[in-house]
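Undergrad: Residue numbers for the sequence shown follow the working numbering, beginning at 33 and rising by one. The structure that follows is given in the form of structure tokens.
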Amino acid sequence: MLDRARRNCLNCGEKMGSFLTLAYPWVLSLHVISVIAWMAGLFYLPRLFVYHAEQIGSDDKTDALFQTMERRLLRAIMNPAMAATWVFGLMLVFTPGIIEWAAVWPWIKAGAVLAMTWFHHWLGLRRKDFLNQNNSVTGRHFRLMNEVPTVLVIIIVVSVIA
């Protein structure tokens, strides 16, 4: 009984590996599209925060407009794009023969992707600060933080390609 269960499990793994191998070009395409959408948001939201922090009063009508733009960018574009990036990225990770785990690059990329995910959540917390009218981060600080995704994407792309 145990041997049959093991064989079924192995067959299931082989079928999944076979599916992922066949779907590889599509999964890779969807992963790249998701990353592009996510990166667009990661570049734009901190820029919105710069203008929001420097130009807008908390009781201003423009404050409500900025909050709407920030909320929609985060919830309608960035969150789904991040989730899709992770799903398709993990599918690529589990595709047989794609990653050589003895190499250094997958670990560097993984660390940079985790840092990118942290940055995404940090931006989400800053949006809540604006919503609750207790933002204490300056426009200058948001400008500096806007460089984080640039550095991380350079690390990711170089680790994968070079």
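Think of the CB as a built atom: it goes at the ideal place given N, C-alpha and C, for glycine as much as any other residue. Quantities reported herein were computed from a predicted structural model and do not represent experimental measurements.
For the 8 Å Cβ check, are there 3 or more pairs between the segment 76–86 and the segment 119–131?
TA: Judged by Cβ distances under 8 Å, the segment 76–86 makes no contact with the segment 119–131, as fewer than three pairs qualify.
Undergrad: Would you kindly work out how many angstroms separate the C-alpha atoms of D92 and T170, rounded to a whole number?
TA: So the alpha carbons of these two residues sit roughly 18 Å apart.
Undergrad: Enumerate in chain order the residues of its own chain whose CB-to-CB distance from V183 is below 7 Å, with the five nearest sequence positions on each side excluded.
TA: Cβ within range, chain order: n/a, list empty.
Undergrad: Could you say which of F81, P181, K141 lies nearest to T100 if we only look at CA atoms?
TA: Selected option, being the one with the closest Cα: F81.
Undergrad: As a quick exercise: from E86, V59, W118, L176, pick the residue whose alpha carbon is nearest that of W70.
TA: Of the listed residues, the one whose Cα sits closest to W70 is W118.
Undergrad: Can you name, in chain order, every residue of its own chain whose Cβ lies under 7 Å from the Cβ of P112, other than the five neighbours on each side?
TA: Here the set comprises nothing.
Undergrad: Check for me: the alpha helix (DSSP H) holding W118 runs from which residue to which?
TA: Element bounds for W118: 111–125.
Undergrad: Rounded to whole angstroms, what is the Cα-Cα separation between H84 and H63?
TA: H84 and H63: Cα-Cα distance of roughly 31 Å.
Undergrad: In terms of alpha-carbon separation, which member of I140, Q165, F51, M177 lies closest to V189?
TA: The candidate whose alpha carbon is nearest that of V189 is I140.
Undergrad: Enumerate in chain order the residues of its own chain whose CB-to-CB distance from G156 is below 7 Å, with the five nearest sequence positions on each side excluded.
TA: If we look at G156 and ignore the five residues flanking it on each side, its Cβ neighbours are L106.
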